[in-house]
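According to the numbering used here, the sequence shown holds residues 4 to 368 in order. Beta carbons are placed, not taken as given, at the ideal position from N, Cα and C, and that holds for glycine.
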Amino acid sequence: MMLKRGAGAPPLYIQVSDILRRRLIDGVWEKDSLIPPEHQLCREFSVARGTVRQALDRLEQEGLLRREQGRGTFVTGIQTPRKLAGEQIGFIVPYVRDTFVPTILLGLEHGAEEQGFSVVFNHVSNSPQQQADAIVRFADQNLAGIILYPVDSIHGGPIGEMVKRGYPIVLVDRYLRDTLTDYVMSDHFGGALRATQHLISLGHRRIAFVSWRDPAVSIEHRMAGYQRALTEADIPFDPALTWEVEGYPDIAQNAFDNLLGARATFTAAFAANDQIALAIYKAARTMGLRVPHDLALVGFDNLDIAAQLDTPLTSVAQPAFDLGYRAVQLLIKRISGDVRDFQRVILPTTLIVRQSCGGGGSANR
4 MMLKRGAGAP PLYIQVSDIL RRRLIDGVWE KDSLIPPEHQ LCREFSVARG TVRQALDRLE
64 QEGLLRREQG RGTFVTGIQT PRKLAGEQIG FIVPYVRDTF VPTILLGLEH GAEEQGFSVV
124 FNHVSNSPQQ QADAIVRFAD QNLAGIILYP VDSIHGGPIG EMVKRGYPIV LVDRYLRDTL
184 TDYVMSDHFG GALRATQHLI SLGHRRIAFV SWRDPAVSIE HRMAGYQRAL TEADIPFDPA
244 LTWEVEGYPD IAQNAFDNLL GARATFTAAF AANDQIALAI YKAARTMGLR VPHDLALVGF
304 DNLDIAAQLD TPLTSVAQPA FDLGYRAVQL LIKRISGDVR DFQRVILPTT LIVRQSCGGG
364 GSANR
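(1) How big is the Cα-Cα spacing for valine 50 and aspartate 344?
(2) In whole angstroms, what is the alpha-carbon distance linking glycine 291 and alanine 211?
(3) May I ask you to list the residues that DSSP assigns as paired with threonine 245?
(4) State the start and end residues of the unbroken alpha helix (DSSP H) segment that holds histidine 113.
(5) DSSP on threonine 268, reduced to helix/strand/coil?
(6) Using a Cβ-based criterion (distance less than 6 Å to any ligand heavy atom), does arginine 25 qualify as near the ligand PLP?
(7) Is glycine 250 helix, strand or coil by DSSP?
(8) Where does the unbroken alpha helix (DSSP H) through methionine 165 begin, and where does it stop?
(9) Check whether the Cβ atoms of aspartate 277 and alanine 320 lie closer than 7 Å to each other.
(10) When burial is assigned at 16 or more other CB atoms within 10 Å of the CB, is serine 359 buried or exposed?
(11) Leaving out the 5 sequence neighbours to the left and right, which residues in its chain are closer than 8 Å to isoleucine 157 when beta-carbon positions are compared?
(12) Rounded to the nearest angstrom, how far is the Cβ of glutamine 91 from that of valine 123, given a contact under 8 Å?
(13) Can you tell which of Pro97, Arg26, Ala267, Gln311 has its C-alpha closest to the C-alpha of glutamine 2?
(14) Hey, could you find the ends of the alpha helix (DSSP H) methionine 226 is sitting in?
(15) Using the DSSP secondary-structure output, state which residues sit across from aspartate 383 in a beta bridge.
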């Protein structure tokens, strides 16, 4: 079975899971029967075992497969989603300035296309008012539902009332503090915990945390992961080592003058996202500081550019494609009336170790 490879192609594990899902829907395997073992699927698709396992994990999370230790993977039964061909769903985002949002959109469109939906996209310039206007406009245009990447975690606008009326809305990347909704997000806490633990394992005890001035739970979870790692290593939390910068539309380079001028008080910096990490990286070079010799640096998001820097950036990778894909699955279940309780999905993150932290080599954790 030939898979699409190269730029623009969905991740291999997504393609494998899509093929296996189609076989399940088509009745290739009966309920409670064993599917082929992993090594056989590896040969069929010409992929590594890790790719097959990711695909099977995905189908298990969807309730289509059941994996039993020592016995194999079994079919649990198929519920074919109700097709709503020709309908539209909306995708509203605060900004588009890097590869993260476009990759979410790719996953979202892939999932929507499978069910016969099309996607209407709207960018709101990080404005709560523009976000509220876009939500109301999409609902007035009779879109079947909305996937929202919120501006922050406090400005829900009309969302609460619309959810009470039963209008399908799924949040991605973060949730609202005062409104219950379906949402899909990454394990921000776990990713930040592993990133900080890695810096500590390299001998750093004075680690700065730099983030947006952004009232979003995603940033708060990353801060919490950073603090937990310090606590577990018996390193006192020092508020003087936490810095906030404005993030939209661009980060001013002079925002880091004081931070890097105080570099003697810390040896490493964990940036809450790669945009901040890249700004620190450029500011450090302007000041004649070397990464990682003078300053170890870790980011979050694993943007495409992270691996292309002269000193490649260690970063926490989010499963952006899967965020979009899983959000569509939740939305279509909500549109179809297949769920009552609010669904909350947390997807794992991976620490990609490169040279910027001084750890040497490349590895995934």
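On the basis of the supplied data:
(1) Roughly 37 Å separates the two Cα atoms.
(2) Answer to the nearest angstrom: the Cα atoms are 19 Å apart.
(3) Answer is Phe212.
(4) First-last of the alpha helix (DSSP H) with histidine 113: 103-117.
(5) Threonine 268 falls in the helix class under three-state DSSP.
(6) Among the components modelled here there is no ligand, and therefore nothing to report on the ligand PLP.
(7) DSSP places glycine 250 in coil when its eight states are reduced to three.
(8) If you look at methionine 165, you'll find it in the alpha helix (DSSP H) that goes 162-167.
(9) No.
(10) Serine 359 is buried by the Cβ-count criterion.
(11) Within the same chain, isoleucine 157 has close Cβ partners Leu179, Arg180, Asp181, Pro218.
(12) About 5 Å separates the two Cβ atoms, so the contact holds.
(13) The shown model of the chain, from 4 to 368, leaves out residue 2, and the question about it has no answer.
(14) Note, methionine 226: alpha helix (DSSP H), 220-235.
(15) With the chain covering 4 to 368 only, the question about residue 383 has no answer from this structure.
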